[in-house]
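Trainee: Reading the sequence shown from the start, the letters are residues 1 to 937 in UniProt numbering.
Glycine included, every Cβ here is placed at the ideal spot set by N, Cα and C.
Here it is, the structure in full.
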Amino acid sequence: MPDILGSLIYKGIFYAILIAVPIIVIVLITKANANRKKMEWFSSLKFTTVRILVPKNNEKTPIAAEQMFAALHGIFKSGVNFQEHFSFEIASREKYIQFYAHIPVQLKDFIEGQIYSQYPTAEIVEVDDYAEKDLDYLNKGELKLAGTEMELTNLDVYPIKTFLNFEVDPLAGITGVLSKVDKTEEIWVQIIVRPVSDNWQAKGTGHVKSVKSGATNRKGIFTGIVEAFFRFISGIIETILVGVTPESSKGETPKEEAKLPGTVEEGLKGVETKSTKLGFETKIRVLAIAPDENIARSKLISTVASFKQFNLLNLNGFKNGTIHHDMNFYNHYRYRAFLEPGYILNIEELASIFHLPNISVQTPNIVWAGSKKGEPPANLPVKENVPENELTIFGKTDYRHITHEFGIKIPDRRYHMYAIGKTGTGKSTMLENMIIDDIREGRGVAVVDPHGDLIRHLLNYVPDERIKDVIVFSPADRMYPIGFNPLENVDPDLKNIVASGVVGIFKKIFGESWGPRLEYILRNTILALLDYPDATMLGITKLLVDQDFRNRVVDKVQDSVIKDFFVSEYEKYDQKFRTEAIAPIQNKVGQFLSSSTIRNIVGQPKSTINIEDIMNEGKILFLDLSIGEIGEDASSLLGAMMITKIQLAAMRRAIIPEEQRRDFYLYVDEFQNFATDSFATILSEARKYHLNLVMTNQYIAQVPETVINAVFGNIGTLISFRVGAPDAASLKQEFAPIFEEVDLVNLDNYHIYVKMSIDGVTCPAFSSQTLPPNNMKNNNSQTIIENSRKVYSKRREYVEEKMTSLSQMPKIDEILTKAQRDRIPKIPPKIGETYYREVQAVGDERWYFGGGTADQPLTEETVQEKINKFEEEKPDWMKERLDALEVNKAPESEQGDDDLQKDKETLATAFKTSSDAVSSSPDIHHLDDGKTIKLNN
């Protein structure tokens, strides 16, 4: 019997093996074939890497990531052999921590859309794969690596600890380790996932039932196969020995559920909870790179340790797998290989491990999005949809990779544009592009540039057909001054506007010493000159001190109020009061007119340019008012007067039907230099005359409150580059609710927020970028300058000769009596140790100002500086000077010796003459400090 039994057993084993081997071979071949096909399919996929940034004030919690993973589960394909996978990654490179996604190209839009849906303020940018950048260094051995695949400590039906059970964001634990690297060290974390069907949930349910019934289900795959094989063998033997399976074996009486310990019961509840949510097959890889293998291993172990925060006793957690130092592991990482099965994590678990950082994560060196992106309006005028001649292009959209060049329509430009931003952020480049577009489209343009750089660039972009349209107004071109008389041919109804403009800019420049009496006299003086033929700015001071000239001017005044001021009020001022009243005007206006460069421009009675013609004929006016060349005050005065003149020309268009008014574009860079109270009037009224302004400046505090209020109250398009915190606080209400203060201060260079007028309606703010500088130069700069000189300028010698014959400049002796003039040295000095420069000329008389040497004569600037200083010292000597004027009203013969001596001392102090300039007059000496005067007969 034993022999028979043994024989039967051997036969059973033989037949079992005979049956099993082909099955195993078939299974292995099938699996190998499947792996080959899977590899071919995987190799055919194209992937891309995107970087994901969020603003530092992001408040989204891991719940947003859980919802994102739930939506991403939608890529699951039922009934197919292969399923796409993707990965979320955190990389610390060059001491900066960044978040990435590596995604199939065909799923890029879908995956990005799901990220945006939960993180609307995120910035997703396609970038080069960071995992490829160290390949050469690793191959050469210059860098070492250590990597591992994270493993679970228990069956994957058991859950890990999730964010719901953390008091602080678990991401901070991971990024905290990643922040502890040197510049030559790197740590990468890769969470690679693919969605699975709900069958995995049945596995969890089955496990719960198995444990509750007293069975265990903790065997490995290989152990299960072996046990199944031997069960199969024993079944065959049993069939051989017994024949038919006993009836009792056909069914088993259900076992009663075993009574489980509390920890086991708690674990099963976790399994049941985990099984209620969608799942992803997952692999987690960690890779550390450093110049030394031990350092790389140390960084790896530290990172793996940070995953221990997800471990739950009696449930599940993470442990490191085998640690690799070979390139094979690196290749698995960079190829995002996912051929072998992973473990199942549900969406809550995945969101706990990977989510985008929020405001609670204070880890240093995380790369945050600099500023928020905003969606452009649906009706944005883009280049593709609007004819180029009806649109001025100035930017391109940057919201979620959708890039369109856009601009502003011509009718909307009539509501004006205002751009604000710190220096160097791109304002001038944007202006330059807009101006070039206007010029090449044949539009009329005026550009006011207080620095000169903008205009020097623009001259190179004027096309050949527009060379003769350009007027280059550059005071620094001293040999070829353009005539500009702001008092010329002003309509009676517009005279007050001119006066307000001139007074306003003087008030702006000399605000600290400005007073109502000064403004009152200056305004009436300008209004009087506006009625006098060929009057220029040079007549302001002459009118106040020259009785004959004043009589001639007042005789021409049409306004009875102005005439009455001079006849009934000004003429009745006593000499002392009048001198005190007009001295500030002489000082302030005199500073402006003392420069021959400025005199040669504003002193010409007839302007050589006609602003009305420039506007109506669509010409190009470049005002190069470089502060470095002519000074800040002169630049501001000329610019403000030119803007006022343009305003007047625009208002004269009232007689032209609106449909015939040609649009003219006035660009004012750093407009605070020219922003007077009258500027507010231009903003409110220019639109109807088709004068369209584009203004820029650096910060709000530069501009008077009345003007900035007019700007925000009248502009249709507001553009903000990066600004400072005070301006961000003021601008936030303009860009709310889309953008906040933190966004305005974090804009990158050439990035802007735009609140734009579209078809007359102001749209919500959106983000965009300005265009790069235009590189299509025409290089006509020198030709343009020469043509402008030829047509609109006159040579300096000619201008000065004409001005000498028509000069309205007051002379020093015009405020002195003949007795005083007789005592002032008038004879040219002998060339000797001390050299004296002529400062005034009256007929045959010549006055000299001492202070130079024969080798180093005084310059015009030095002389003017001394004269200005003399004027500033007027409080100390004004009374004496006035007393002298009173004394010398009497004939010289009637004056006493004391009076005569006092008169000489006063004049010597006032005009600082020197004995070396005197031949037949009393010796007059002064010390170097200019304070002590000694007069000898």
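Quick one: measure Cβ to Cβ for A172 and Q114, integer angstroms, because I've assumed they're closer than 8 Å.
Mentor: The residue labelled residue 172 in the question sits at position 172 within the sequence shown. The residue labelled residue 114 in the question sits at position 114 within the sequence shown. So it is not a contact: roughly 24 Å between Cβ atoms.
Trainee: Are three or more beta carbon pairs between the segment 642–660 and the segment 407–426 nearer than 8 Å?
Mentor: no
Trainee: Using 7 Å as the threshold, is the C-beta distance between I714 and S684 below it?
Mentor: Position 714 of the sequence shown, counted from the start, is the residue given in the question as residue 714. Position 684 of the sequence shown, counted from the start, is the residue given in the question as residue 684. Note on residue identity: the sequence assigns Asn, not Ile, to residue 714. Against a cut-off of 7 Å, the Cβ pair of S684 and N714 comes out as a contact.
Trainee: Answer yes or no: do Y399 and D156 have a C-beta to C-beta separation smaller than 7 Å?
Mentor: As a position in the sequence shown, residue 399 is number 399, starting the count at 1. As a position in the sequence shown, residue 156 is number 156, starting the count at 1. No, the Cβ-Cβ distance between Y399 and D156 is not below 7 Å.
Trainee: Here's the rule I'm using: 16 or more other beta-carbon atoms within 10 Å means buried, otherwise exposed. How should S43 be labelled?
Mentor: Translated into the one-based positions of the sequence shown, residue 43 becomes position 43. S43 comes out exposed.
Trainee: Compute the Euclidean distance between the alpha carbons of R414 and E670, then round it to the nearest angstrom.
Mentor: Sequence index remark: in the sequence shown, residue 414 carries index 414 (1-based). Sequence index remark: in the sequence shown, residue 670 carries index 670 (1-based). Each residue's alpha carbon lies about 20 Å from the other.
Trainee: Sort Y798, D412, V472, N779 by Cα distance to I760 and report the nearest one.
Mentor: Residue numbering aside, residue 760 sits at position 760 when the sequence shown is read from its first letter. The question names Ile, but residue 760 in the sequence shown is Gly. Looking at the Cα atoms, D412 is the closest of the given residues.
Trainee: Taking C-beta to C-beta, are S87 and H102 nearer than 7 Å?
Mentor: As a first step, residue 87 is located in the sequence shown; it is residue number 87 there, counting from the start. As a first step, residue 102 is located in the sequence shown; it is residue number 102 there, counting from the start. Yes, Cβ-Cβ distance for S87 and H102 is below 7 Å.
Trainee: Does the distance from the CB of L177 to the CB of S306 come in under 7 Å?
Mentor: On the sequence shown, position 177 is the one that residue 177 refers to. On the sequence shown, position 306 is the one that residue 306 refers to. Checking the sequence, you will find Val at residue 177 rather than Leu. In this structure, S306 lies closer than 7 Å to V177 by Cβ.
Trainee: For V707, collect the residues of the same chain with a Cβ closer than 6 Å to its Cβ; drop the 5 residues on either side in sequence, then sort them by chain order.
Mentor: By 1-based counting over the sequence shown, the position of residue 707 is 707. Contacts found: A675, F679, A680.
Trainee: Exposed or buried, T525, counting other C-beta atoms within 10 Å across all chains shown (16 or more means buried)?
Mentor: Along the sequence shown, one-based indexing puts residue 525 at 525. Counting Cβ neighbours within 10 Å, T525 comes out buried, since at least 16 surround it.
Trainee: Of all the options Y330, L135, I111, V367, which has the alpha carbon lying nearest to the alpha carbon of Y96?
Mentor: Within the sequence shown, the letter at position 96 stands for residue 96. Residue V367 holds the alpha-carbon nearest to the alpha-carbon of Y96 among Y330, L135, I111, V367.
Trainee: Are the CB atoms of F721 and K427 within a distance shorter than 7 Å?
Mentor: Working through the sequence shown from its first residue, we reach residue 427 at position 427. Working through the sequence shown from its first residue, we reach residue 721 at position 721. In this structure, F721 lies closer than 7 Å to K427 by Cβ.
Trainee: Decide if M327 is buried, meaning its Cβ has at least 16 other Cβ atoms within 10 Å, or exposed.
Mentor: Your numbering for residue 327 matches position 327 in the sequence shown. Per the 10 Å Cβ criterion, exposed.
Trainee: I think P357 touches S179, with their Cβ atoms under 8 Å apart; what is that distance to the nearest whole Å?
Mentor: As a first step, residue 357 is located in the sequence shown; it is residue number 357 there, counting from the start. As a first step, residue 179 is located in the sequence shown; it is residue number 179 there, counting from the start. In fact, because the Cβ distance is near 12 Å, the residues do not count as touching under 8 Å.
Trainee: For A499, count neighbouring C-beta atoms within 10 Å of its own C-beta (all shown protein chains included) and say buried if the count is 16 or more, exposed if not.
Mentor: One-based indexing of the sequence shown puts residue 499 at position 499. Buried.
Trainee: Is P825 helix, strand or coil by DSSP?
Mentor: Here residue 825 corresponds to residue number 825 of the sequence shown, with the count starting at 1. The predicted model places P825 with a pLDDT of 42, which falls under 50 and marks its position as unreliable; any figure quoted below should be read in that light. If DSSP states are grouped into helix, strand and coil, P825 belongs with coil.
Trainee: Fully enclosed by the segment 435–491, which alpha helix (DSSP H) runs are 4 residues long or longer?
Mentor: 453–458
Trainee: In its own chain, which residues sit with a C-beta less than 6 Å from the C-beta of L530, not counting the 5 before and 5 after it?
Mentor: Working through the sequence shown from its first residue, we reach residue 530 at position 530. Cβ within range, chain order: L487, V490, K495.
Trainee: Within 10 angstroms of its Cβ, does D748 collect 16 or more other Cβ (buried), or is it exposed?
Mentor: Within the sequence shown, numbered from 1, the residue matching residue 748 stands at position 748. Answer is exposed; the Cβ neighbour count stays below 16.
Trainee: Report all residues from its chain with a CB closer than 6 Å to the CB of V668; omit the five preceding and five following residues, and keep chain order.
Mentor: Position 668 of the sequence shown holds residue 668. Taken in chain order, the residues that qualify are V448, M695.
Trainee: Apply the 10 Å Cβ neighbour rule to T263 and answer buried if 16 or more other Cβ atoms are within range, or exposed otherwise.
Mentor: As a first step, residue 263 is located in the sequence shown; it is residue number 263 there, counting from the start. Result: exposed.
Trainee: Can you tell me which residues form a DSSP beta bridge with S624?
Mentor: Position 624 of the sequence shown, counted from the start, is the residue given in the question as residue 624. According to the sequence shown, residue 624 is Asp rather than Ser. DSSP lists D449 as partners of D624.
Trainee: With burial defined as no fewer than 16 other Cβ atoms inside 10 Å of the residue's Cβ, what is the status of D128: buried or exposed?
Mentor: In the sequence shown, residue 128 corresponds to position 128, counting from 1. Exposed, by the Cβ-count rule.
Trainee: Would the beta-carbon of D624 fall within 7 Å of that of G421?
Mentor: Here residue 624 refers to the residue found at position 624 when the sequence shown is read from its first residue. Here residue 421 refers to the residue found at position 421 when the sequence shown is read from its first residue. For D624 and G421, no; Cβs fall outside 7 Å.
Trainee: Please state the DSSP three-state secondary structure of G590.
Mentor: Translated into positions along the sequence shown, residue 590 becomes position 590. Looking at G590 - three-state DSSP - the assignment turns out to be helix.
Trainee: Out of V271, V742, N616, A634, which has the shortest C-alpha to C-alpha gap to L648?
Mentor: Position 648 of the sequence shown, counting from 1, holds the residue named residue 648. L648 has its Cα closest to that of N616, out of V271, V742, N616, A634.
Trainee: D613 and K372 look like a contact to me (Cβ under 8 Å); what is the Cβ gap, rounded to whole Å?
Mentor: Counting from one through the sequence shown, the residue named residue 613 turns up at place 613. Counting from one through the sequence shown, the residue named residue 372 turns up at place 372. 47 Å between Cβ atoms; not a contact.
Trainee: Going by DSSP, what residue range makes up the beta strand (DSSP E) through R550?
Mentor: Working through the sequence shown from its first residue, we reach residue 550 at position 550. Here R550 belongs to no beta strand (DSSP E); instead the alpha helix (DSSP H) covers 547–556.
Trainee: Please list, in chain order, all residues of the same chain as D169 whose beta carbon is under 6 Å from its beta carbon, the five residues on each side excluded.
Mentor: Here residue 169 refers to the residue found at position 169 of the sequence shown. The residues are S360, V361.
Trainee: I103 by DSSP, collapsed to three states: which one?
Mentor: For the purposes of this step, residue 103 is taken as the residue at position 103 of the sequence shown. In the structure shown, I103 sits in a strand (DSSP, three-state: E or B).
Trainee: Does DSSP classify Q698 as helix, strand or coil?
Mentor: Locating residue 698 in the sequence shown gives position 698, counting from the first residue. Correct three-state label for Q698: coil.
Trainee: Do F735 and Y750 have their C-beta atoms closer together than 7 Å?
Mentor: On the sequence shown, position 735 is the one that residue 735 refers to. On the sequence shown, position 750 is the one that residue 750 refers to. For F735 and Y750, no; Cβs fall outside 7 Å.
Trainee: Counting Cβ pairs closer than 8 Å, one from the segment 773–792 and one from the segment 453–473, do we hit at least three?
Mentor: yes
Trainee: Between N217 and F766, what straight-line distance do the alpha-carbon atoms span, to the nearest angstrom?
Mentor: Looking up residue 217 in the sequence shown gives position 217. Looking up residue 766 in the sequence shown gives position 766. Below a pLDDT of 50, predicted positions are generally treated as unreliable, and N217, at 48, falls in that range; the measurement from the model is reported next regardless. Cα to Cα, N217 sits roughly 58 Å from F766.
Trainee: Using the Cα positions of V554 and L380, report the straight-line distance between them to the nearest angstrom.
Mentor: Your numbering for residue 554 matches position 554 in the sequence shown. Your numbering for residue 380 matches position 380 in the sequence shown. Their backbone Cα atoms lie some 58 Å apart in a straight line.
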